[in-house]
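Undergrad: Under our numbering, the sequence shown is numbered contiguously, ending at residue 193. Okay, handing you the structure first.
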Amino acid sequence: VNGYQENATAQDEVDYSAPKARLDGMTPDVYDNVTFNLQDEFTSGGESWNGSAVYQVAWATNWNAYADYYLGGQYSLLTMKVVPYAETFWNGKDAGIVMTVYDEQTGDVLARKRGIEVDTKKFTIEADVSGVEYVRIEFNANNPGFGGKMLVKDACLY
């Protein structure tokens, strides 16, 4: 669909030690059901998630959570770490949360991760954002009565 790859991976020649910018240092232009700077102490995958962005998702109320950021076509790659905030999930199995990163102006999907459940381990998602003016990071719950919070951190632009 629109040239993206499921669970897209980065280009080979990226210097991950030197991001040009970080989304956690930017204010989103538009967002809904997102809070920033998690205050709870939460550890997963051997690392602290304190200070993460928190995306609240609930199918029962048709909640999706998203944030749009202006990139101005200045970057080629977006990477970020993601994990379910397990303590906040209800009906945790079969929640089927989907994370999508897409070009807000064209609707083109840049990366997608499906089937996120309460026991999903930390993962990194990477999206080619070459020429993208506005990028949207969005989470949706697929199944009735399911939901929870997703944590996003180390969102870097290259």
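C-beta: ideal position from N, C-alpha, C; glycine also. From a predicted model like this one, the values you see are computed outputs, not experimental measurements.
Between the stretch 50–70 and the stretch 146–165, do at least 3 Cβ pairs fall closer than 8 Å?
TA: no
Undergrad: Counting Cβ pairs closer than 8 Å, one from the stretch 108–124 and one from the stretch 160–178, do we hit at least three?
TA: yes
Undergrad: Is Tyr193 helix, strand or coil when you go by DSSP?
TA: coil
Undergrad: So Val92 packs on Ile132, CB below 8 Å; how close in whole Å?
TA: 6 Å
Undergrad: Report yes or no: do three or more beta-carbon pairs, one from the stretch 69–78 and one from the stretch 132–147, lie closer than 8 Å?
TA: no
Undergrad: Grab the span of the beta strand (DSSP E) containing Ala102 for me, first residue to last.
TA: Asn99 to Tyr105
Undergrad: How big is the Cα-Cα spacing for Phe77 and Lys184?
TA: Cα to Cα, Phe77 sits roughly 12 Å from Lys184.
Undergrad: Could you pull out every residue in the same chain whose Cβ sits closer than 7 Å to the Cβ of Gly80, ignoring the five residues on either side in sequence?
TA: Val118, Lys156 and Lys157
Undergrad: Please go through the same chain and pick out, in chain order, the residues whose beta-carbon is closer than 8 Å to the beta-carbon of Thr159, but skip the five residues on each side of it.
TA: Thr114, Met115, Lys116 and Val117
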